[in-house]
Amino acid sequence: MNKKNRVVATIAALLAVAVALLVTGRFSAGEDNAKAEKAIKALGGRVERDDKAKGKPIVEIFFNESQVTDAGLKELAGLRRLTHLHLPLTEVGDAGLKELASLKSLLFLRISSTKVTDAGLKELAGLKGLLYLDLGHTTVTDAGMKDLVGFKSLQGLDLGGTKVTDTGLKKLAGLKSLEDLGLFGTKVTDASLTVITSFKSLQRLDLDGTKVTDAGLKELAGLKNLKILNLGGPGVTDAGLKELTVLKNLQTLELRDTKVTDAGVANLRKALPKCDIQRPKEEQK
Numbered sequence: 000m001n002k003k004n005r006v007v008a009t010i011a012a013l014l015a016v017a018v019a020l021l022v023t024g025r026f027s028a029g030e031d032n033a034k035a036e037k038a039i040k041a042l043g044g045r046v047e048r049d050d051k052a053k054g055k056p057i058v059e060i061f062f063n064e065s066q067v068t069d070a071g072l073k074e075l076a077g078l079r080r081l082t083h084l085h086l087p088l089t090e091v092g093d094a095g096l097k098e099l100a101s102l103k104s105l106l107f108l109r110i111s112s113t114k115v116t117d118a119g120l121k122e123l124a125g126l127k128g129l130l131y132l133d134l135g136h137t138t139v140t141d142a143g144m145k146d147l148v149g150f151k152s153l154q155g156l157d158l159g160g161t162k163v164t165d166t167g168l169k170k171l172a173g174l175k176s177l178e179d180l181g182l183f184g185t186k187v188t189d190a191s192l193t194v195i196t197s198f199k200s201l202q203r204l205d206l207d208g209t210k211v212t213d214a215g216l217k218e219l220a221g222l223k224n225l226k227i228l229n230l231g232g233p234g235v236t237d238a239g240l241k242e243l244t245v246l247k248n249l250q251t252l253e254l255r256d257t258k259v260t261d262a263g264v265a266n267l268r269k270a271l272p273k274c275d276i277q278r279p280k281e282e283q284k
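When you line the sequence shown up against numbering that gives the first Met the number 0, it's residues 0 to 284, in that order.
Right, here's the structure in full:
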């Protein structure tokens with residue numbers, strides 16, 4: 000065989016190997032999805048597939064209030080197209096987060112009301128494309144916030160019901176893409192409003208049950224894109240409502256356990272006629 004023929008033969012052989020790998024990979028991926036779906040359903044989970052994509056890969060998994068544990072998450076290892084994962088109200092903990100490290104396509108992760116702690120958050124460091132993270136009602140604290148600073152693409156973050164304070168929130172000042180921030184029931188005070196108002200893309204902000212008062216509400220004037228705002232606590236009065244009149248894009252304002260009066264709400268409605276202001280009936284006089 001001359002040199003030219005050897006080259007042709009070599010190229011042909013390489014192409015054959017490449018095709019074989021592609022075919023094997025395609026069927027292997029399909030088999031991985033089928034195997035994973037069976038295991039997921041056995042644990043009480045539910046899957047959504049992308050019917051328009053080749054192979055109809057699993058792209059979303061709902062484990063809400065299921066019996067899934069850290070060990071069960073090993074079944075997700077081969078799901079390279081998974082973008083949404085819901086694990087609220089499960090027994091998943093820090094060890095389970097290690098099993099998620101390989102899911103580089105993950106965009107949306109809900110691990111609220113789980114056993115996740117500060118120690119486990121570092122396991123998520125490789126998920127740079129994450130857009131939404133729900134850590135609500137976990138035991139995470141200010142210490143864990145340092146492991147979130149690398150999520151520059153993050154658009155939604157829920158820390159409601161955690162032990163995060165002003166100290167932890169300062170560490171998140173670099174998350175300039177945030178559009179949705181949940182701080183319900185935390186010990187955040189007026190001191191955090193400077194950090195919060197640096198998130199110029201913010202559209203939804205939940206400060207219900209925090210230590211924020213009228214004095215802090217002055218800082219919200221810079222959030223021109225804010226559409227939804229939740230406020231709650233005795234530190235919010237009619238004086239604070241006056242500070243909200245500049246939020247012309249505000250569509251929904253929910254007030255709970257505040258000291259605002261009917262008169263204060265009426266004045267705000269005049270200033271923001273397109274805003275739906277909601278208050279519990281028992282707080283109206």
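The beta carbon of each residue, even a glycine, is placed where N, CA and C say it ideally should be.
For a cut-off of 8 Å, the C-beta gap from Gln283 to Asp261 is around 6 Å, short enough to register as a contact. In this structure, the CA atom of Leu177 is about 10 Å from the CA atom of Ile195. Phe61 sits away from Val91, with the two beta carbons spaced by 9 Å or more. Per DSSP, the beta-bridge partners of Leu180 are Leu156 and Leu204. Annotation for Asp261: the continuous alpha helix (DSSP H) segment containing it runs Asp261 to Ala270. Lys258 and Leu105 have their C-alpha atoms spaced approximately 42 Å apart. Beta-bridge partners assigned by DSSP to Ile276: Leu252.
Note on geometry: alpha-carbon atoms of Gln66 and Leu96 lie some 16 Å from one another. It is roughly 43 Å from the alpha-carbon of Thr193 to the alpha-carbon of Gly43.
In chain order, Phe183, Gly184, Gly231 and Gly232 place their CB closer than 7 Å to the CB of Gly208, counting only its own chain and leaving out the 5 sequence neighbours on each side. In this model, Lys226 and Ala265 are separated by some 19 Å (Cα to Cα).
One alpha carbon belongs to Val187, the other to Val46, and they sit about 37 Å apart.
In the DSSP secondary-structure assignment, Gly231 is bridged to Arg255. Checking the DSSP bridge columns, you'll see Ile60 partnered with Val46 and Leu84. Between Val115 and Thr140, the CB-CB gap reaches or exceeds 9 Å. If you ignore the 5 residues before and after Lys55, its C-beta comes within less than 7 Å of the C-beta of Arg48 and Asp49, all in its own chain and listed in chain order.
When the Cα atoms are used, Asp157 and Gly135 turn out to be separated by approximately 6 Å.
Per DSSP, the beta bridge partners of Asp133 are Arg109 and Asp157. Annotation for Arg268: Cys274 and Ile276 place their beta carbon closer than 8 Å to its own, counting only its chain and skipping 5 residues before and after.
Taken through DSSP and simplified to helix, strand or coil, Glu90 comes out as coil. Per the C-alpha coordinates, the member of Ala38, Leu120 and Gly159 positioned closest to Ala100 is Leu120.
Excluding its 5 nearest sequence neighbours in each direction, Pro87 has C-beta neighbours in its own chain below 6 Å: Asn63, Arg109, Ser111 and Ser112, listed in chain order. Put simply, the backbone Cα of Asn32 is about 51 Å away from that of Pro272.
For Lys241, the enclosing alpha helix (DSSP H) stretches over residues Asp237 to Lys241. Nearest to Asn229 by C-alpha distance, out of Asp205, Ala220, Phe107 and Leu147, is Asp205.
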